[in-house]
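Engineer: Can you keep this structure in mind? I'll have questions shortly.
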Amino acid sequence: MNYCCNCNELINGYKCNTCGNKKLREVKGEDFCHFATLNNLQAGMFLPILEDNNIEVATMPQYNFPATFFSAGKSQSKKLYVKYKNIKRATELYKNYIEI
């Protein structure tokens, strides 16, 4: 599995589908990888589940429109990033979360 350091994306091929980067490397267990993009309500409910299971998570606001002084802090969704070593467990938790 390859990893794009620009986008934090896991890549099956030799070129990043998001940014076009061809300088990919083998993913490492400590790499934060893009896991999911959830709306704020979903993220607010799922983040504590990850934290309760000792899965480190980083988030980044996702705007559907250009961020300005007036829209800062009012994102519609969040991108979630988890360490590669925790991807399988996070996926299991996510599948259970979706079924709720």
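In this note's numbering, the protein residues as written are 7 to 106.
Here a beta-carbon is modelled for each residue, glycine too, at the ideal position from N, C-alpha and C.
Per the DSSP calculation, Y69 is bridged to which residue(s)?
Structural biologist: Sequence index remark: in the sequence shown, residue 69 carries index 63 (1-based). According to DSSP, which records beta bridges pairwise, Y69 is partnered with nothing at all.
Engineer: Would you list the residues sitting across from E32 in a DSSP beta bridge?
Structural biologist: The residue given as residue 32 occupies position 26 in the sequence shown. Its beta-bridge partners are N8.
Engineer: Who pairs with I43 in a beta bridge, going by DSSP?
Structural biologist: For the purposes of this step, residue 43 is taken as the residue at position 37 of the sequence shown. Looking at the sequence itself, residue 43 is Thr, so the reference to Ile does not match. DSSP output for T43 lists K85 as bridge partner(s).
Engineer: Just to check my reading of the structure: T65 and K84 have Cβ atoms closer than 8 Å, yes? What is that Cβ distance to the nearest angstrom?
Structural biologist: Walking along the sequence shown from the start, residue 65 turns up at place 59. Walking along the sequence shown from the start, residue 84 turns up at place 78. Indeed, because the Cβ distance is near 5 Å, the residues count as touching under 8 Å.
Engineer: I need the DSSP call for I93, collapsed to helix, strand or coil.
Structural biologist: For the purposes of this step, residue 93 is identified with residue 87 of the sequence shown, where counting begins at 1. Note: I93 maps to helix in three-state DSSP.
Engineer: Exposed or buried, which one is N60 when buried takes at least 16 other CB atoms within 10 Å?
Structural biologist: Sequence index remark: in the sequence shown, residue 60 carries index 54 (1-based). Looking at its Cβ environment, which holds fewer than 16 other Cβ atoms inside 10 Å, N60 is exposed.
Engineer: Hey, would you say E62 sits closer than 8 Å to K94, going by beta carbons?
Structural biologist: Numbered from 1 along the sequence shown, position 56 holds the residue referred to as residue 62. Numbered from 1 along the sequence shown, position 88 holds the residue referred to as residue 94. No.
Engineer: Among L86, L99 and N102, whose alpha-carbon lies nearest the alpha-carbon of I45?
Structural biologist: Locating residue 45 in the sequence shown gives position 39, counting from the first residue. Inspection of the sequence shows that residue 45 is occupied by Asn rather than by Ile. If we check each option's Cα against that of N45, L86 comes out closest.
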